[in-house]
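Report on one structure; see the data block that follows.
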RNA sequence: GGGCCCGUAGCUCAGCGGUGAGAGCAGGGGACUCAUAAUCCCUUGGUCGUAGGUUCGAAUCCUACCGGGCCUACCA
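Numbering (the numbering used here), first residue to last: 124 to 814.
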């Protein structure tokens, strides 16, 4: 229940598009927003976190066609996937809607009518390329052709990657639809526009002095858009289009970027209706107290949220955003996320390998609330999470809780040299940092408190008190009581970032953490449950596995496809021809050191009937010369570059042609023709051992 | 072409006009052994991208340049 002093805060994260899965880049925003919301709730404010799938547009329509099914089937499937991913990362939406909802259709109509009433809608013919085979108008990116300036081939319809020229798709020398391959034709169609110039004055005022935007964003808008007359915004698309048909303009559909932000309101409506309220309680002025509206977005969609969206809201007489909080993009190991490098990591792939809490903490430690890109450096990630969360915070409980299992906390809070009070006083600065979305600062302050707490434990040496017997029991209880209270205080401060740690801490001592104020008073006289591990260390091997699972198979190096070969038809002949060897132990096996190696050179051995001379790399500078009996089955040139498995600790053997320093593993024999080299799954690196 | 952001120790980042430039991690040395090889103490390490300028004083303000990232209105 909200107290009179509490604020009403509506928070949104950008709506993920239904054409793709959630990846680590998306999660920067959802984790950031979730932390902010959990913080506000912990502070006792009336805060709701709304989001939805963004479902409409050409891309979904094209995809559904390509997959031979309806758009609604596609978006339902993607919605389920998105929700599962978000749940895995403990993103706590109060409601998750869809732009393809009745509520959204109604609200779009309301906003639309307001624009009409104010004379802000205008119609005009637009010439656009049309695919006569697919029967759709083509957005620029669905057209490719030869650049009219530099003649580079296969360029997008809006700009040339080679020479940087920008143009209209109709200017391409030999335009082709990427949908059907057909040559598009220029067709004229009526589009509806929102006139923004009449709102120029309003937008200038709101962007420059409302306080909703960071100064550099305001400058960007002032310099880039507001310095000249605002162009009309094209908000309709002709049929066929997957979206909502405009009620007073049959055959025209709202462009996806019109109905997407209205989805924020629609989600509010669905959430409020379930509680007997209305979206108007949050989006229309006049309420006491008025609601704050905070939008979290990425910098790529800045102008939609800082020009078009406020224009729509203003025209409809609705509440303008209190803050538009803009974050940068995610890089991985200092570079743009890349499928080829294996750094384009999907949320669910991450969840299969690592703890979501680790990523939440790492993002929190990096997010400063400004527009800079943040980098996920994977070495740093493991080091930071292990040092901070496990080494400092969790360790505090791990090293002291067990001394209180029998006795519980001391009945009066002992002298602690002012440590608890000092960290309690820090609460104001930590809260201010959370409020500013400067989570990095909050984490630094919290970790400083954790350092002080660990130093306290070290100085008091409770393990010596434990050994000293009954005479020191009271003192031991006091020291452990201090340490555990300092730990729980940290857990309160970290609760917005690490909700599961907060819950586990509540189970350990003191019950569920419900309020920020619990950081201000130590607990006494309560039982302490048996300690259970609260966080797992990040194992670098798991990160490697994650990247390996993410890296796509380069076509040239893929193992042969087994598709279409039902497993039940495999012959038993090879096994029968060469029965299994006698059982060996794991120790026997481990004496054979099998390694992944890359063939860096291969040549025929002139005088040999069967041998190829290979040079294999075990990574770094380590190479081996190996003679392999695979001549006739593999052309040397085809082998260079590929990964194989070698017996790396095989005793060198002098042969007629030289010394062989290992052996390449291959399947063969048993009556079958051919020698088949083994290839590791993609992602394996030279030097990796087979276990 | 125009614009925005960033460039500080090996790594990730604070500091953003004023005592000799900081933290965490990594590296080196020591202590401890309660704890998920965790913790504590000491310590090595930087011409604050480059070049100019403003100022009594600049990592901090201005200009230019170099490097990285991003935006530029039908890519979401």
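By construction, the Cβ of each residue, glycine as well, lies at the ideal position given by its N, Cα and C atoms.
Using a C-beta cut-off of 8 Å, the stretch 311-324 makes no contact with the stretch 387-397, since fewer than three inter-stretch Cβ pairs fall below that distance. Contact annotation, residue 503 with residue 451: C-beta distance approximately 17 Å; criterion of less than 8 Å not satisfied. Here residue 270 carries a coil assignment [DSSP, helix/strand/coil]. Residue 327 has its alpha-carbon roughly 18 Å from the corresponding atom of residue 441.
For residue 501 and residue 436, the gap between their C-alpha atoms comes out near 42 Å. Partner residues in the beta bridge of residue 377, as assigned by DSSP, are 359.
Residue range 596-617 is occupied by the alpha helix (DSSP H) that includes residue 616. Of all C-beta pairs linking the stretch 197-215 to the stretch 348-357, fewer than three are shorter than 8 Å, placing the two stretches out of contact.
In this structure, the straight-line span from the alpha carbon of residue 401 to that of residue 250 is close to 42 Å. In the three-state scheme derived from DSSP, where H, G and I count as helix and E and B as strand, residue 714 is classed as coil. Secondary structure remark: continuous beta strand (DSSP E) runs of at least 3 residues inside the stretch 483-548, in chain order: 497-499. In this structure, residue 390 and residue 173 form a Cβ contact; the two beta carbons are roughly 4 Å apart against a cut-off of 8 Å. Contact check for residue 178 and residue 223: beta-carbon distance about 4 Å, within the 8 Å limit, so the pair qualifies. DSSP, reduced to helix, strand and coil, places residue 667 within a helical segment of the structure shown. A contact between stretches requires three or more CB pairs, one per stretch, nearer than 8 Å, and the stretch 523-543 meets this requirement with the stretch 599-610. DSSP, reduced to helix, strand and coil, places residue 470 within a helical segment of the structure shown.
Put simply, the backbone Cα of residue 248 is about 23 Å away from that of residue 322. Bounds of the beta strand (DSSP E) holding residue 251 are 244-254. Around the Cβ of residue 778, a 10 Å sphere holds fewer than 16 other Cβ atoms; the residue is exposed. A distance of 9 Å or more separates the beta carbons of residue 614 and residue 599. Distances from the alpha-carbon of residue 454 to those of 271, 219 and 490 put 490 closest.
Check the Cα spacing between residue 516 and each of 659, 434 and 802: the tightest is with 659. Here DSSP, grouped into helix, strand and coil, assigns residue 233 to helix. Residue environment analysis places residue 572 among the buried positions, since at least 16 neighbouring C-beta atoms fall within 10 angstroms of its C-beta. When rounded, the separation of the alpha-carbon atoms in residue 306 and residue 750 is 56 Å. Here the C-alpha atom of residue 293 lies approximately 36 Å from the C-alpha atom of residue 175.
Listed in chain order, the non-local C-beta contacts of residue 723 below 6 Å within the same chain comprise 738 and 740, local neighbours out to five positions each way being set aside. Distances from the alpha-carbon of residue 212 to those of 158, 166, 492 and 171 put 158 closest. Under DSSP, residue 418 shares a beta bridge with 135 and 447. A straight-line Cα-Cα distance of about 12 Å links residue 170 and residue 218.
Contact annotation, residue 364 with residue 376: C-beta distance approximately 4 Å; criterion of less than 8 Å satisfied.
When DSSP states are grouped into helix, strand and coil, residue 322 belongs to the helix group.
In this structure, the beta-carbon distance from residue 309 to residue 271 does not fall below 9 Å. Where residue 218 is concerned, there is no enclosing alpha helix (DSSP H), although the beta strand (DSSP E) around it starts and stops at 218-221. The beta carbon of residue 234 sits closer than 7 Å to the beta carbons of 385, 435 and 439 from its chain, once the five residues preceding and following it are set aside; these are given in chain order. Taking C-beta separations shorter than 6 Å and ignoring five residues to either side along the sequence, the partners of residue 257 in its chain run 302 and 303, following chain order.
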